[in-house]
Structures are given as C-alpha cells and as structure tokens.
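First the structure, in the form of structure tokens, and then the observations on it.
Numbering (UniProt numbering), first residue to last: 1 to 714.
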C-alpha cells in the first residue's frame with residue numbers, strides 16, 4: 001500500500017485496533033528427507049528392473065547423503081537377504097567433499113536381496129568435533145562439557161545397550177560434568193577410544209531419513225564367472241572319404257574332446273545349434289550359394305523333415321546320445337551351453353504349420369534374413385508380431401524341453417533382431433521356474449540395445465572386446481565394464497568366434513593370440529575361446545572378418561595333438577590362464593580392475609585386488625597384469641604402480657611372482673619392464689608383501705633378464 005494511503009474495507013493490513021492474522025502455511029509433500037539421500041546404488045538406469053549380481057561378487061553399495069551446515073551425519077546400509085534376515089552395515093565417506101558413502105559386501109546366496117540406505121544426524125560425532133575444537137581454543141568450554149554429559153547420559157539410559165556399555169557411558173558422562181577435573185582430562189573421558197567405538201557402533205541418531213527399498217537380484221556364480229570353449233560336435237571325429245563324402249562326428253565322438261577341454265581348465269562348453277539342418281538354399285563352403293551333395297550346411301539354418309528346434313540332427317545321434325554327452329561333461333566339471341537361434345530354414349516344420357510366424361512379401365514369398373551386405377538365403381527370420389501369443393508359447397515349450405534334458409545355459413543367437421519385450425517375458429518366465437538357467441546374449445549391436453538386453457534379463461553378453469586392441473581403447477572399454485554398466489551387464493570376453501577373426505589376429509601372429517587370451521582371462525570373470533584359436537588359425541576369407549573355410553559351412557576336424565607335439569599350440573598357455581583364474585579369486589571379480597601408468601603407449605597395466613575380508617579363505621589376493629599390446633615389437637618401459645590399489649601402503653616394496661614363468665622380483669612404485677612380443681608379451685604377477693619391508697627408493701628397477709620361454713607364442 002502506498003505511503004500515507006488510507007486502508008479500505010477488506011484490506012488485511014493491521015491497524016491499531018485490528019489483530020494480525022497469520023495465513024496458514026500450506027502443506028507440501030517433500031521427497032528430499034530431513035537428511036537427504038540420493039542415488040543409491042547398485043541400481044539399473046531408470047530403476048525399471050533390479051540391479052544384478054552373482055553369488056560371491058563383491059558389490060559396492062553407495063549413496064550420496066548430506067545435511068545443511070557443518071553438523072556430522074552417519075550413513076548405514078540396511079540389507080535384507082533372501083531368507084529375510086536384516087543386517088546393518090556402516091558406510092564410509094569415499095573422499096572428503098564428495099558426500100558419497102559406500103560399503104562393499106559379498107552377496108553369498110542367490111535370490112532377491114533388498115536394501116535401504118539410512119542417513120541420520122550423528123549427535124555424538126557432531127559434539128565430539130565441536131568439543132575438540134572449542135575446548136582446545138578455550139571457547140564455550142563448560143557449555144560443551146554440559147552438552148556432552150547430556151548426550152552420554154542419554155546413551156547410557158538406552159536399555160537396548162549391554163549393561164557394560166551403559167556403565168562405561170555413564171562413567172564418561174559423570175566425568176564430563178565433574179568440574180574438579182582438568183579440561184583436557186574431561187575431554188579425554190568423553191572422546192576416549194572405547195566411548196567413541198561404542199557410539200560409532202550404535203550412534204546417537206536423530207533426524208533420520210531412510211531411502212526407498214531397492215532390490216539386487218543375485219544369481220548363481222556361473223551367471224558371472226566362467227571359462228567358455230566353443231566347438232562344433234559334427235567336426236569332432238568327422239571323417240572324409242576318398243570320394244569326397246563325409247561321415248559326421250557325433251555326440252559320442254565329440255564327448256572324447258571333453259577331456260582335453262577340461263585339461264585346459266574350461267568349465268563351459270558351448271555347442272552351436274544341434275538341430276536338423278535344412279536342404280533348401282543350403283550354403284556351401286565360405287558362404288557360397290550352391291552347396292554340393294557333401295556339404296553339411298550351416299547349423300543356424302534350423303529345421304528339416306527330421307524336425308525343428310526340439311530335435312537333434314540325426315547325424316549327431318539321438319536325444320539319448322545328447323544326454324550322455326551332458327553326463328560326460330558333468331563328470332569332468334563342465335556345463336554345456338546350447339544355442340537358442342530363433343529362426344528357421346525354409347524346410348522347418350513351422351513354415352508349413354505356422355506361416356503366420358514369418359513375414360510374407362508382396363510377391364507371396366517369405367522374406368529371408370539379411371544383415372546388409374550379408375544375405376542368409378537359407379534362413380527365415382521370425383515375425384514376432386503376427387501371432388505373439390503363439391510364437392511365445394512355442395519358444396517357451398522349446399526352452400523347457402531342453403531344460404528337461406539337463407541344459408542350464410543358453411547362448412542366444414542375434415537377440416537384438418527380436419523384440420526386447422519378448423526377451424523380458426521369456427527370461428523372466430523361465431527364471432521364475434528355474435532361477436539357475438543362464439542366458440548369454442550374442443548381441444554385437446548398438447550400445448543402447450546391447451545394454452538394454454542385459455537390463456531386461458540376459459545374464460551375460462558378448463561385447464565389443466574383440467575390436468578393442470590398443471592400450472587407450474582397452475583402458476576405456478574395460479573401465480566402463482567395471483563401473484558404468486556393472487550393475488546390470490556381465491561381459492563374456494570371447495577372443496574369437498566363427499564370425500569374428502579380427503585384423504589383430506589375422507596379422508599379429510602367435511603373439512596376438514597370447515596377448516588377447518591373457519587380457520580376456522584376467523580382465524573379466526567370464527571369457528571364451530572358439531576352437532581353433534589355440535592353433536593360431538588366422539587366415540581370413542577375402543573381404544570378410546572371419547576365417548577362411550569357415551566351420552559354419554563345412555566339417556573342420558583339427559589335429560590338436562599333432563599341433564601340441566610340434567609346439568604349434570597355445571593349449572598349454574590357455575590351461576595356465578585358467579589355472580591362474582582358479583587360484584586367484586581377485587580375477588573372478590568384475591568391478592575391481594584398476595589401471596596404472598606406463599611410459600609406453602603400447603604397454604597396458606592393470607591390477608585386480610580382493611581384500612581379505614571378502615575372500616573365502618580370509619587371505620587377500622592381488623594380481624598385476626602388464627601387457628605389450630603391440631604384437632610386433634619388443635617394449636622396454638617403466639611401469640608406475642600405486643600399491644594402495646592392491647592393498648599395500650604407498651611407498652613400500654613388495655614381491656611379485658610371474659605366474660607363467662615362476663620368476664620372482666622385488667618391485668616398488670616404479671619398475672623397469674621388458675616385454676618381448678615374440679617370447680613373453682605379458683606378465684601376470686601375484687603380489688606378496690615383504691615382511692617388515694622398508695619404504696622403497698623413489699625409483700627402482702628389477703634386473704634385466706632374458707625372458708624364459710615357456711611355450712611358443714607366450
């Protein structure tokens with residue numbers, strides 16, 4: 001109202017005779033909480049599905065929490081296991097100023113784990129900080145002691161505390177109030193180690209906020225840890241006759257290969273499709289359009305008069321033979337994964353019985369599969385929209401059929417060419433019935449789609465690893481797998497496939513195979529090899545990124561024993577890698593990779609560490625990997641390490657044992673390394689502390705030496 005104006009009737013301005021009326025404060029729903037808690041993790045983007053982990057995985061639980069001003073807060077994790085037992089775990093500030101709190105825990109049982117993050121005003125911690133500052137400065141000394149005595153008295157009156165704790169706290173409270181005692185001594189009573197420990201274990205909390213419940217779905221260890229070996233059963237024991245005809249290998253001949261696979265330490269065998277193969281438009285060698293009478297065709301062209309996805313190829317044997325193969329593998333500690341390829345040859349029974357499951361073109365023909373410029377004339381893709389209820393019921397029937405035979409792992413072919421909601425439905429339905437079933441997505445596709453397949457349920461995924469070869473590429477790629485997508489995507493680092501023979505392997509020689517295997521086996525808890533990798537198969541089909549005489553289109557028996565006898569096999573080294581993985585649990589974790597610096601842009605350095613409290617045997621484990629990623633050179637450089645990343649104090653010396661050659665050196669923060677791509681391109685080193693080790697010199701080099709040759713190409 002302007003100055004000197006006269007109030008009008010209805011004005012709410014107070015006058016000498018008019019009482020002041022305070023308007024009501026409208027209620028407003030707030031979501032921040034008195035002590036705000038933001039971004040709890042693990043969590044999937046958008047939190048549409050639970051975060052994922054596997055049994056034995058060390059999972060970092062974290063949240064951002066803070067309050068106004070300078071008063072101290074506490075943060076803890078409230079964790080409920082699948083059986084309903086609730087446990088509390090104090091969380092620690094990751095770094096000053098970040099307001100990010102974390103605690104790492106091992107989730108040791110499958111099922112759904114629920115967690116909430118609780119933040120609260122820590123009244124004792126706030127008083128202690130203020131008292132230590134003010135008493136030393138002579139400011140508000142008696143006020144601080146009085147406030148402290150009141151807090152400790154409140155804690156001593158808590159009937160939930162043990163009697164001995166209450167006596168300790170009561171004694172401290174009385175001491176704080178005793179003016180006959182010197183200020184320094186009184187403060188010591190209130191902040192002594194035992195008092196502080198008791199109030200850290202059970203804080204004096206107020207103004208608490210508890211975040212919403214979130215879920216982590218924990219699956220069996222094989223969902224996150226494994227060493228995979230792929231081979232075509234038809235090639236194992238296949239015999240070519242003088243007239244050019246073949247006798248196919250069978251499940252029984254292929255079972256003889258399992259002992260060698262087990263000897264290399266692989267615990268999963270993956271079989272490409274084992275079903276009948278169509279004759280119509282069958283592909284010949286190297287994907288040619290005209291197959292001869294002796295060409296077996298692509299196993300991915302599924303279906304013939306002998307049956308479809310629920311049948312086995314007659315040349316491989318019977319369903320009983322397949323179950324015998326599974327039994328032999330199981331006796332050797334190997335699980336068998338089979339291919340789930342949702343597509344059909346023109347001869348598949350579905351084509352005549354359910355034409356609505358395919359796409360019909362204007363000319364009346366059925367569309368075949370394409371991935372331009374590639375064409376797959378021998379395959380019809382499924383149309384999931386014409387009869388979604390029917391095709392879903394049929395696929396579920398097929399998966400249940402193979403589960404009934406004993407299969408618990410499915411490698412899914414090209415899942416990115418099928419609707420995402422179909423996979424969410426199928427995997428959710430199957431895992432509700434069989435939580436131990438694992439689905440691996442063969443999804444070499446755009447990042448958003450690759451990630452989405454993992455988000456909706458796939459337990460594992462192929463990745464872009466085969467195309468990440470330089471030091472910079474690998475640091476970025478492996479680092480993202482361990483952080484950005486670790487809450488939902490589990491990578492399976494296959495080094496090659498029947499479809500992928502990269503230029504790195506084509507032109508890198510045996511060193512390239514050694515380097516790639518060593519990195520894949522140590523950088524992630526799951527990795528894989530396609531048969532022939534150990535024989536350094538590197539000749540590509542012209543114009544394609546795949547091996548010539550591709551096994552997809554022909555029989556390919558291999559002389560593994562002869563190659564080993566002639567020292568032309570990497571099998572021994574692959575066995576060493578898998579033994580190292582078995583003996584070092586740090587390598588069976590995904591999130592713990594840490595990168596270190598080297599002075600050479602071709603020398604990749606990383607470590608993996610598992611703290612003693614997270615290890616089953618109570619012993620810490622640390623492994624350092626130093627790899628020359630240039631397969632054509634000898635590299636001499638200095639490697640710079642931060643020992644704190646693998647559980648040792650900064651500035652200390654420590655022993656490292658080369659887990660391939662057995663050599664032992666004393667290392668420190670700065671170490672000379674020589675990596676000869678032609679003899680020993682990679683060091684895989686176990687870290688061992690030296691008892692009572694003195695701080696290391698600023699720079700220290702291990703003695704130069706001639707690398708010990710343990711195997712050709714290693």
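Note that CB positions come from ideal geometry on N, CA and C, so glycine has one too. This one's a predicted model, so the numbers in the text were calculated from it and none came from an experiment.
> CB residue 442 to CB residue 413, shorter than 8 Å?
Replying inline: Less than 8 Å divides the Cβ of residue 442 from the Cβ of residue 413.
>> For residue 447 and residue 192, what's the separation of their Cα atoms in angstroms?
In response: Distance between the alpha carbons of residue 447 and residue 192: 54 Å.
> Can you tell me the Cα-Cα spacing of residue 182 and residue 202, whole angstroms?
Replying inline: The alpha-carbon atoms of residue 182 and residue 202 are separated by roughly 28 Å.
>> DSSP three-state label for residue 394, please.
In response: In the displayed model, residue 394 falls within a helix according to three-state DSSP.
> By Cβ distance below 7 Å, which residues in the same chain neighbour residue 64 in space, the five residues on each side in sequence not counted?
Replying inline: Excluding five sequence positions before and after residue 64, the CB atoms of its chain that fall closer than 7 Å to its own CB belong to 38, 39, 99, 100, given in chain order.
> Where do the ends of the alpha helix (DSSP H) carrying residue 519 lie?
Replying inline: 503–523 is the span of the alpha helix (DSSP H), which, as asked, contains residue 519.
> Can you tell me whether residue 243 is buried or exposed, with buried defined as 16 or more other CB within 10 angstroms of its CB?
Replying inline: Classification for residue 243: exposed.
>> Quick check: residue 625 and residue 483, are their CB atoms within less than 8 Å of each other?
In response: Cβ distance not < 8 Å, so residue 625 and residue 483 don't count as in contact.
> residue 623: which of 170, 648, 617, 636 sits nearest, CA to CA?
Replying inline: Ranking 170, 648, 617, 636 by Cα distance to residue 623 puts 648 first.
> Taking residue 258 as the reference, which of 551, 329, 408, 556 has the closest Cα?
Replying inline: Of the listed residues, the one whose Cα sits closest to residue 258 is 329.
> Alpha carbon to alpha carbon, what distance is there between residue 400 and residue 240?
Replying inline: C-alpha separation (whole angstroms): 36 Å.
> Helix, strand or coil for residue 200 per DSSP?
Replying inline: Residue 200 sits in a helix when the DSSP states are folded into three classes.
>> Could you tell me the alpha carbon to alpha carbon distance between residue 56 and residue 188, rounded to whole angstroms?
In response: Cα to Cα, residue 56 sits roughly 43 Å from residue 188.
> Secondary structure at residue 422, three-state DSSP: helix, strand or coil?
Replying inline: Assignment of residue 422 by DSSP, reduced to helix, strand and coil, places it in the helix class.
>> Can you give me the C-alpha to C-alpha distance between residue 372 and residue 289, rounded to a whole angstrom?
In response: The straight-line gap separating the alpha-carbon atoms of residue 372 and residue 289 is approximately 16 Å.
> Is the segment 252–267 touching the segment 209–221 in the sense that three or more CB pairs, one from each, lie closer than 8 Å?
Replying inline: They do not touch, by the three-pair rule.
> Bridge partners of residue 291, per DSSP?
Replying inline: As computed with DSSP, residue 291 is found in no beta bridge at all.
>> Could you pull the DSSP bridge partners for residue 61 from this structure?
In response: Answer is 103, bridged to residue 61.
> Can you tell which of 599, 206, 425 has its C-alpha closest to the C-alpha of residue 154?
Replying inline: Of 599, 206, 425, the residue nearest in Cα terms is 206.
>> Can you tell me where the alpha helix (DSSP H) holding residue 349 begins and where it ends?
In response: Note, residue 349: alpha helix (DSSP H), 349–353.
>> Can you tell me whether residue 194 is helix, strand or coil according to DSSP?
In response: Note: residue 194 maps to helix in three-state DSSP.
>> Which same chain residues end up closer than 7 Å to residue 524 when comparing Cβ atoms and leaving out the 5 residues on each side of it in sequence?
In response: Around residue 524: 481, 491, 493, 590.
>> Quick check: the segment 608–620 against the segment 546–557, are at least 3 beta-carbon pairs closer than 8 Å?
In response: The segment 546–557 vs the segment 608–620: no contact.
>> Can you tell me which residues form a DSSP beta bridge with residue 270?
In response: DSSP output for residue 270 lists 230, 337 as bridge partner(s).
> Looking at the structure shown, is residue 265 part of a helix, part of a strand, or coil, going by DSSP?
Replying inline: Annotated three-state conformation of residue 265 is coil, per DSSP.
> residue 455 by DSSP, collapsed to three states: which one?
Replying inline: Residue state, collapsed to three classes: helix.
>> Using a 10 Å radius around the Cβ and a threshold of 16 neighbouring Cβ atoms, would you call residue 682 buried or exposed?
In response: The C-beta of residue 682 has 16 or more other C-beta atoms within 10 Å across all chains shown, which makes the residue buried.
> Can you give the Cα-Cα distance for residue 530 and residue 198, rounded to whole angstroms?
Replying inline: Per the coordinates, the alpha-carbon of residue 530 lies some 57 Å from the alpha-carbon of residue 198.
> Going along the chain, which unbroken runs of the beta strand (DSSP E) with 3 or more residues stay wholly within the segment 576–624?
Replying inline: Every unbroken stretch of the beta strand (DSSP E) spanning 3 or more residues and falling wholly within the segment 576–624 is given here in chain order: 593–598, 603–610.
> Which whole-angstrom value is the C-beta distance of residue 423 and residue 389, which I expect to be below 8 Å?
Replying inline: Not quite, the Cβ-Cβ distance comes to about 16 Å (not below 8 Å), so this is no contact.
>> Taking a contact to mean a Cβ-Cβ separation below 8 Å, would you say residue 62 touches residue 41 in this structure?
In response: The answer is yes: Cβ separation under 8 Å.
> Three or more beta-carbon pairs under 8 Å between the segment 344–360 and the segment 300–312, yes or no?
Replying inline: Flag = yes, the segment 344–360 and the segment 300–312 touch.
> For residue 377, which of helix, strand or coil comes out of DSSP?
Replying inline: The DSSP-derived three-state label of residue 377 is coil.
> Does DSSP put residue 738 in a helix, in a strand, or in coil?
Replying inline: Residue 738 lies beyond the residue range present for the chain, which begins at 1 and ends at 714; the question has no answer from this structure.
>> Using 8 Å as the threshold, is the C-beta distance between residue 117 and residue 75 below it?
In response: Yes, these two residues count as a Cβ contact at 8 Å.
> Looking only at C-alpha atoms, which of 379, 575, 687 sits nearest to residue 518?
Replying inline: Distances from the alpha-carbon of residue 518 to those of 379, 575, 687 put 575 closest.
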